Each structure stands twice: as C-alpha cells, then as structure tokens.
Amino acid sequence: MPYSPQEEANLRVVTEALTDASHDFPKFFEAIFASDAEWTIAGHGPVARTYHGMKDLFDNAEEALFARFAEPLRITTRGVWADGDEVFARIESASRALDGQPYKNEYMYIMTLRDGKVVSGIEWLDLNAYYEILERVAV
C-alpha cells in the first residue's frame with residue numbers, strides 16, 4: 263500500500279534528520295523534536311518514564327549517558343516506516359566510552375509528528391546497556 267502525501271512528508275523529515283545525525287545522534291532530537299515534546303522511555307528502572315519536554319529528557323536521561331562517551335554517538339538507521347501521523351524508526355547506535363570500552367544499543371521509536379516536528383513518542387532500547395555504562399564509567 264503506498265504512503266499518503268502526509269506520510270511521505272513525515273518519512274522525509276525523519277529520514278533526513280536521522281541521516282544528518284548519523285555521526286552525532288543528539289542532532290536528531292535538536293532537528294525535529296518540539297521543545298515541549300512528550301517522550302516515553304519504555305522499560306524498568308529510574309530512566310524509564312515519560313519526559314515532558316526535551317530539557318527534561320536531556321537533563322534526566324540523555325546527559326548522564328552522553329557524558330560517558332569519549333566520542334559522539336553514531337547511529338545506523340535500519341528502517342523507517344509511516345502510518346498516518348506516526349513514524350516508526352529502527353536504529354542501532356555505537357560509541358566508545360571514556361574507559362575505552364565499546365557502547366552499543368538498539369532502539370525502536372514510534373514518533374507522532376505534527377507540522378514536521380515530533381510532538382510525542384515512545385522509545386524501546388536495551389536499558390541494561392544504558393544502566394551498565396552508567397555504573398561502570400564514572401564522570
């Protein structure tokens with residue numbers, strides 16, 4: 263089934279942002295997420311919750327992770343699909359931690375877009391890898 267014009271536009275926004283952020287993943291959020299976007303990290307533990315705005319997300323989840331990297335977080339997009347206002351993206355990431363060890367993770371995002379911006383969504387990732395680097399690498 264072909265995509266509607268709206269779905270094509272949403273796919274283009276997300277795909278271009280992922281491509282532009284392939285060598286520095288935070289650029290993806292800066293490019294297409296509304297500053298007040300509601301974002302949920304699914305799973306268990308202290309980081310798994312709904313965040314209200316990008317400042318909340320970065321201050322309370324992302325900053326702790328990125329501070330432990332010796333180099334920017336690189337991503338590889340494995341697939342992007344659309345259904346109405348929602349865009350689904352499967353992403354793999356890799357970096358090197360401050361202790362020299364590799365960091366890798368995989369994500370599945372479901373993002374709701376309005377006027378070319380992500381206004382809400384949910385993310386699944388390997389939280390064990392996230393928590394492990396936080397425990398292993400002091401900053």
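Numbering (our numbering), first residue to last: 263 to 401. All residues carry an ideal CB built from backbone N, CA and C; glycine is no exception. None of these values were measured; they are calculated from a predicted model.
Grab me the residues of residue i's own chain with a C-beta within less than 8 Å of its C-beta, minus the 5 sequence neighbours each way, in chain order.
| i | result |
| --- | --- |
| Ile311 | One detail in the question is off: residue 311 reads as Arg in this sequence, not Ile. Hits under 8 Å: Thr302, Ile303. |
| Ala359 | Arg330, Phe331, Ala332, Tyr365, Ile395, Arg398, Val399 |
| Tyr313 | Glu300, Trp301, Thr302, Ile303, Leu319, Asn322, Ala323 |
Hey, residue i and residue j are a contact pair by Cβ (cut 8 Å); roughly how many whole angstroms apart?
| i | j | result |
| --- | --- | --- |
| Leu387 | Glu368 | 7 Å |
| Ala344 | Asn272 | 5 Å |
| Glu348 | Thr374 | 6 Å |
| Leu280 | Ala351 | 7 Å |
| Glu269 | Gly346 | 7 Å |
Going by DSSP, name the residue or residues bridged to residue i.
| i | result |
| --- | --- |
| Lys317 | Lys317 pairs with nothing; no bridge assigned. |
| Thr312 | Thr302 |
| Val380 | Phe295, Leu375 |
| Phe328 | In DSSP, Phe328 forms no bridge with anything. |
| Ile395 | None, per the DSSP bridge assignment. |
| Glu270 | Paired residue(s): none; Glu270 is not in a bridge. |
| Asp345 | Glu348 |
Taking the alpha carbon of residue i as the reference point, which residue from the options has its own alpha carbon closest?
| i | options | result |
| --- | --- | --- |
| Ala299 | Asp377, Gly346, Met263 | Asp377 |
| Val401 | Asp361, Tyr392, Ser266, Phe295 | Asp361 |
| Phe320 | Phe290, Ala279, Gly341 | Phe290 |
| Phe328 | Val276, Val381, Ala356, Met370 | Ala356 |
| Gly383 | Pro267, Ala296, Pro288 | Ala296 |
| Ile372 | Glu385, Lys379, Met263, Pro264 | Glu385 |
| Tyr393 | Met263, His306, Thr277, Tyr265 | His306 |
| Lys379 | Arg274, Pro267, Tyr265, Met263 | Arg274 |
Which residues in the same chain have their Cβ closer than 6 Å to the Cβ of residue i, if we skip the five residues on either side of it in sequence?
| i | result |
| --- | --- |
| Asn322 | none |
| Pro308 | none |
| Ser266 | none |
| Val381 | Ala296, Ala299, Thr374 |
| Lys317 | none |
Can you find the residues in the same chain that come closer than 7 Å, C-beta to C-beta, to residue i, ignoring five residues on each side of it along the sequence?
| i | result |
| --- | --- |
| Glu292 | none |
| Thr434 | Only positions 263 to 401 of the chain appear in this structure, which leaves residue 434 out of reach. |
Assess contact between the segment 337–353 and the segment 279–289, defined as three or more Cβ pairs (one per stretch) separated by less than 8 Å. Is contact present? The segment 337–353 and the segment 279–289 touch, with no fewer than 3 CB-CB distances between them shorter than 8 Å.
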